[in-house]
Every structure is written in C-alpha cells, then in structure tokens.
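This is the structure in structure tokens:
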C-alpha cells in the first residue's frame, strides 16, 4: 500500500450496483470497510469531477474513483501490548507466526493493532529505526488475511543481510493453501510476470507491461470435491504472487474475493493461505535455520468440512 498517493479505480460491469464502501474494501484489501467509510467522510474518496459520494452510493459502469491515502506519520508507530506467537528469537532476528487478519504495518485505517506495533513493544526501542521508520524490522510481508511465518530483523546489520538474502532468492518460503477446482497434474510451475493491474491500482495481474518476473512452484497435497489442498514454493516474492498465479491458471484460492469468486465460500472470507515453512541463513552465525508451523484452526476447519480424515 503506497501511502500519501492517489489510487484511481474504474468501475467495471461486474461491479456495477455494488455499494462503494464494499467495492473499495474488496479491491483495496488492506483497508477495512470502516476505514473506507472514514476516507469517504473525510473527502479522501471522490468521483471524477470532484463529487464526494456517500458510503451507500451504488457504483455505475464507467465511474472513476480517486482514493487518496493520507500519510502515516511517525507518531502512529506506538508500542502496543499485543500477544505474538514467537517461533524463533535471538539477539538478531525474530520470527513470528502471524495470525490471520493481522495487518503487518500501519496503513490508513490500520494505524494501530499491527504486527509492527506489537514488535515495538516486544523488542523495545532498539528496533524502532531498523529498516525504515514506517516498517521497522520487517524483512518481507504477507497479506492481512494470510497467516503464518514472518521474519523480522532486530538490528540494522541483520536487516541488511536478510534483505540481501531475500533479493538473491536465498530465503525459502513454503505456503499451503486451498485452491478452487481440481488439478490434472500433481505438480507444476507458474512462470508469469506480475505487475499492477492496468485499471485497478491496488490489484496485481499477470501482465507484460511494467511487470517483474515471478515464479511459483506448486504441488497437490490432497484432492477434495471441488477444491484442492496445495503447497506452493516461492522462487520470487511479488505482491500477491500466489494469489495472482493460482487465479491465472484457473484455480483461485478459496475465499479470495479479489482474484477469485466474489461471494464467501465454506464460511470463509479472505484467502485460505498459510506461510508454513521458512528457511534462511542466520545473518551472524551463518547456519541454515528452518522453521515450521502447524496449520491454523481456520485452515483445519475448512479441511474438515471438505472431508479430511
């Protein structure tokens, strides 16, 4: 989410008739519906021509909305006593098993309650300036509704080394998800560049325009009627990569209203995706560290509904 910029969103025929607050909360998944409503109230969302719509405004085909995201100020980065599931920690790094629904760093509508706020409390003031004042300690990100392992640096040395490993594809990240439909093959690779969607600024897409290489390796874990439990290994780390690639090959993730089916399925809202395994080289000791988490309760509940034995 680029803070302090303006995002232009044009309404498509599929979105016509949808309430503007619901539509924008769906295409801007890092903002909650209440956050969208606050932006409407403060005039940060407008139609072409300058009209400020009400939150119950029904979108029409061809409507163009300008969404201005107010900057996050340093004062919003306050330590908060929020419980964290710490999987690994030493003087240089801390790995957290992020719960589903938790935002990683402050953004409009999420000035508090984020992983960064929790890290500032857990690690103390020493982490405050690591990696930038708005995202202290964060080495890589995962989406709000994606759960699982996230690696953070506790000092500038560790952040520099781990960021280099991430850039050179030396950090291994394995995810598990539930995809819609059945796969003919047992495994495969999606090698397709990802860039910004041509008309929806927040949405990513497989495109040859202003894109970057993106490679996802996938394999089937278990097949269920209408759905498939899969494992995905990231070779690159583009925004929404697994979600975009799975949708691109016709198997969007269960619950992903941005890239898949628009209505909730199996009682799930938000993509069913969990960062389960993480491997990295310790920045100071040089040894390879492998971390693994169990599937969270929401994920297990879905598998049981599908018929897991």
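Numbering (this note's numbering), first residue to last: 873 to 1181.
From the three backbone atoms N, C-alpha and C, an ideal C-beta is built for every residue, glycine too.
None of the values given here were measured: they were computed from a predicted structure.
By the 10 Å Cβ neighbour count, where 16 or more other Cβ atoms means buried, how is residue i classified, buried or exposed?
i: residue 1019; result: buried
i: residue 1142; result: buried
i: residue 1184; result: Within the shown structure, residues of the chain are numbered from 873 to 1181, placing residue 1184 beyond reach of any answer.
i: residue 1155; result: buried
i: residue 1162; result: exposed
i: residue 997; result: exposed
i: residue 972; result: buried
i: residue 933; result: exposed
i: residue 1172; result: exposed
i: residue 974; result: buried
i: residue 1080; result: exposed
i: residue 907; result: buried
i: residue 1160; result: exposed
DSSP three-state label for residue i, please.
i: residue 993; result: helix
i: residue 1032; result: helix
i: residue 1116; result: helix
i: residue 1055; result: coil
i: residue 1110; result: coil
i: residue 935; result: coil
i: residue 972; result: coil
i: residue 892; result: helix
i: residue 1162; result: strand
i: residue 941; result: coil
i: residue 946; result: For residue 946, the predicted structure reports a pLDDT of 46, less than 50, and the residue's modelled location is therefore unreliable. A value from the coordinates is still provided. Residue 946: helix per DSSP, three-state reduction.
i: residue 921; result: coil
i: residue 1206; result: The question about residue 1206 has no answer, for the chain in this structure spans 873 to 1181.
i: residue 851; result: An answer regarding residue 851 cannot be provided, because it is not within the stretch 873 to 1181 covered by the chain.
i: residue 882; result: strand
i: residue 1078; result: strand
i: residue 1000; result: coil
i: residue 1072; result: strand
i: residue 1011; result: coil
i: residue 1182; result: Residue numbering for the chain in the displayed model covers 873 to 1181; residue 1182 lies beyond these limits and cannot be assessed.
i: residue 1039; result: helix
i: residue 911; result: helix
Just confirm the distance between the C-beta atoms of residue i and residue j, as a whole number of angstroms; I'd bet it's less than 8 Å.
i: residue 977; j: residue 1002; result: No, residue 977 and residue 1002 are not in contact; Cβ-Cβ is about 13 Å, not under 8 Å.
i: residue 1075; j: residue 899; result: 6 Å
i: residue 951; j: residue 989; result: 7 Å
i: residue 1110; j: residue 1128; result: The pair is not a contact, with the Cβ atoms about 16 Å apart (cut-off 8 Å).
i: residue 895; j: residue 887; result: 6 Å
i: residue 931; j: residue 889; result: 7 Å
i: residue 1096; j: residue 1178; result: 4 Å
i: residue 1037; j: residue 884; result: Not confirmed; about 40 Å, so no contact.
Give me the residue from the options with the minimum Cα distance to residue i.
i: residue 1040; options: 1108, 1119 and 1163; result: 1108
i: residue 878; options: 892, 907, 941 and 929; result: 941
i: residue 1025; options: 1017, 1016, 1145 and 1009; result: 1009
i: residue 1015; options: 1177, 1078, 1151 and 1147; result: 1147
i: residue 1150; options: 934, 994, 888 and 1011; result: 1011
i: residue 1101; options: 1116, 1175, 1166 and 1042; result: 1175
i: residue 970; options: 1132, 986 and 961; result: 986
i: residue 1113; options: 961, 1098 and 1083; result: 1083
i: residue 865; options: 949, 1022 and 1071; result: There is no way to answer for residue 865, as the model of the chain reaches only from 873 to 1181.
i: residue 968; options: 979, 991 and 1173; result: 991
i: residue 881; options: 909, 935 and 958; result: 935
i: residue 965; options: 1033, 953 and 1058; result: 1033
i: residue 939; options: 892, 962 and 960; result: 892
i: residue 1086; options: 1152, 1117 and 1056; result: 1117
i: residue 847; options: 1042, 1157 and 1099; result: Any property of residue 847 remains undetermined from this structure, which presents the chain solely from 873 to 1181.
i: residue 1058; options: 1017, 1071 and 1103; result: 1103
i: residue 1215; options: 960, 999 and 1055; result: Outside the shown range of the chain, which is 873 to 1181, sits residue 1215, and nothing can be said about it.
i: residue 953; options: 1099, 903, 959 and 995; result: 995
i: residue 1099; options: 1170, 1077 and 1144; result: 1144
i: residue 1119; options: 1136, 1077 and 1159; result: 1077
i: residue 897; options: 1072, 957, 963 and 922; result: 1072
Any heavy atom of the ligand ADP within a distance shorter than 6 Å of the CB on residue i?
i: residue 985; result: As far as ligands go, the structure on display features none, and thus does not contain the ligand ADP.
Cβ contact (3+ pairs, closer than 8 Å) linking the region 1038-1048 and the region 1064-1079
no
Would you check if there are 3 or more beta carbon pairs closer than 8 Å linking the region 1087-1104 to the region 914-924?
no
Three Cβ pairs or more, each shorter than 8 Å: is that satisfied between the region 908-915 and the region 924-933?
yes
Between the region 1049-1060 and the region 1121-1130, can you find at least three pairs of beta-carbon atoms closer than 8 Å?
yes
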